[in-house]
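K.L.:
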Amino acid sequence: MESFRSSVLIEIIKMYRRKKIRVILILSVAVIVFVQLISSVVRGRLGILWNTSSVFPITVLSVISYTLIPLLIILLIIDAFTNEFSHNTMKLSVTRPVSRFKIYLSKLTAIAVLIFFNLITVMILSSFVGVLFNPVSFSLSGFIRILVSYIVTMFPMIAFAVVIAFFANIFKSSASVFFTSVLIFLISSALGLIFSRISGMFLTSSLDWYKLWISDSMPIGKIVSQFTMMTGYVILFLSAGYYKFDRRDL
């Protein structure tokens, strides 16, 4: 267990040094500013109280969960797998006293930690902005809704990361992995809109899973159904991804 924790820490440090997560954080701050500007214009011209302190962070989440966070996942996966194989640095990882499965799992765990760090940072910043511009609308129940929304978003993001990791161990080119991942994301999103009745089958339809958790009448059936679907994706693509990773030549 100690070797696995050390491997995860090493992967986190390696990914953080590549600065991609900091770039995404800067872009996330830009999204917060942009959403606040738009909401101020709407409120000023139409007199609508749109971005209360509890609604504003969730509005920001609805934007980044379909844009910046998936992009961050794709970039981190490419760094963790495709680039390490192409730059011959994966040999340094497999020479550590850790099994290949633990190495594979430690990379995905490190990515999950960085995603969580990004989400929590955005949550704190957007909540601060929401309270700053609408202090009278702050409530404990509103904050709990925000916290739940950001935390439960982790699971569909992890499932998406596991799927992309599978393709990162098939293609040797980082460009191929990037464009394939983006294409899969766009096609899945489009199919979810076109075939709305079976949209639950497409992973991207679960990126707004948090909406089920904060609705007035929590639909337990839909929550369990989407959780089961995402779990199936994780089990299937984690197994297939590790199989491809284990068989790749260094």
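Under my numbering, the residue at position 118 of the sequence shown is numbered 1207, and the numbers go up by one with no gaps.
Where is the CB? At the ideal position from N, CA and C, for every residue including glycine.
1) Give a yes or no on contact between the segment 1102-1119 and the segment 1157-1173, applying the rule of three or more CB pairs nearer than 8 Å.
2) For Arg-1337, name the three-state secondary structure that DSSP assigns.
3) Quick check: what's the CA-CA separation for Tyr-1392 versus Phe-1174?
4) Which same chain residues, not among the five before or five after Trp-1302, have their C-beta less than 8 Å away from its C-beta?
5) Provide the residue span of the alpha helix (DSSP H) that contains Ile-1209, from first to last.
6) Using 8 Å for Cβ pairs, my map puts Phe-1093 next to Ser-1195. What's the rounded Cβ distance?
7) Buried or exposed for Asn-1177, please, with buried defined as at least 16 other CB atoms from any protein chain shown within 10 angstroms of its CB.
8) Specify whether the segment 1324-1332 and the segment 1246-1255 touch according to this definition: at least 3 beta carbon pairs, one from each stretch, less than 8 Å apart.
9) Between the alpha carbons of Leu-1098 and Phe-1170, how many angstroms are there, rounded?
10) With DSSP run on the structure shown, which of helix, strand or coil describes Trp-1302?
11) Among Glu-1091, Leu-1325, Leu-1275 and Ile-1121, which one has its Cα closest to the Cα of Met-1212?
12) Quick check: what's the CA-CA separation for Ser-1263 versus Thr-1269?
13) Short of 8 Å in beta carbon distance, which residues of its chain neighbour Gly-1281, apart from the five on each side in sequence? Order them along the chain.
14) For Met-1090, which three-state DSSP category applies?
15) Do you know how far the Cα of Thr-1210 is from the Cα of Asn-1223?
16) Is Asn-1177 helix, strand or coil by DSSP?
17) Near Tyr-1299, what residues of its chain come up, given a Cβ to Cβ distance below 6 Å and the 5 sequence neighbours on each side ignored?
P.N.:
Taking the geometry as given:
1) The segment 1102-1119, when compared against the segment 1157-1173, does touch it at the 8 Å Cβ threshold.
2) Residue 1337 sits at position 248 when you count from the first residue of the sequence shown. Here Arg-1337 sits in coil by DSSP.
3) Residue numbering for the chain in the displayed model covers 1090 to 1339; residue 1392 lies beyond these limits and cannot be assessed.
4) Working through the sequence shown from its first residue, we reach residue 1302 at position 213. Once the five neighbours on either side are set aside, the close Cβ partners of Trp-1302 are Val-1237, Ser-1238, Val-1241 and Ile-1312.
5) Counted from its first residue, the sequence shown places residue 1209 at position 120. Start and end: 1189-1222.
6) Counting from one through the sequence shown, the residue named residue 1093 turns up at place 4. Counting from one through the sequence shown, the residue named residue 1195 turns up at place 106. Confirmed, Cβ separation roughly 6 Å.
7) Within the sequence shown, the letter at position 88 stands for residue 1177. With fewer than 16 other CB atoms across the displayed protein chains lying within 10 angstroms of its CB, Asn-1177 is exposed.
8) The answer is yes - the segment 1246-1255 touches the segment 1324-1332, with three or more Cβ pairs under 8 Å.
9) The count along the sequence shown starts at 1 and reaches residue 1098 at position 9. The count along the sequence shown starts at 1 and reaches residue 1170 at position 81. Distance between the alpha carbons of Leu-1098 and Phe-1170 is about 16 Å.
10) Residue numbering aside, residue 1302 sits at position 213 when the sequence shown is read from its first letter. In this structure, Trp-1302 counts as helix in the three-state DSSP scheme.
11) Numbered from 1 along the sequence shown, position 123 holds the residue referred to as residue 1212. For the residues Glu-1091, Leu-1325, Leu-1275 and Ile-1121, the minimum Cα distance to Met-1212 belongs to Ile-1121.
12) Residue 1263 sits at position 174 when you count from the first residue of the sequence shown. Residue 1269 sits at position 180 when you count from the first residue of the sequence shown. Rounded to the nearest angstrom, the two C-alpha atoms are 10 Å apart.
13) Reading the sequence shown from its first residue, position 192 is the one you call residue 1281. Same-chain partners within the cutoff: Ser-1288, Phe-1291, Thr-1293 and Ser-1294.
14) Mapped onto the sequence shown, residue 1090 falls at position 1. Met-1090 falls in the coil class under three-state DSSP.
15) Counting from 1 along the sequence shown, the entry for residue 1223 is found at position 134. Counting from 1 along the sequence shown, the entry for residue 1210 is found at position 121. Taking the straight line joining both Cα atoms gives about 20 Å.
16) Counted from its first residue, the sequence shown places residue 1177 at position 88. Asn-1177: coil per DSSP, three-state reduction.
17) On the sequence shown, position 210 is the one that residue 1299 refers to. Excluding sequence neighbours, Tyr-1299 sits near Ser-1238, Val-1241 and Thr-1242.
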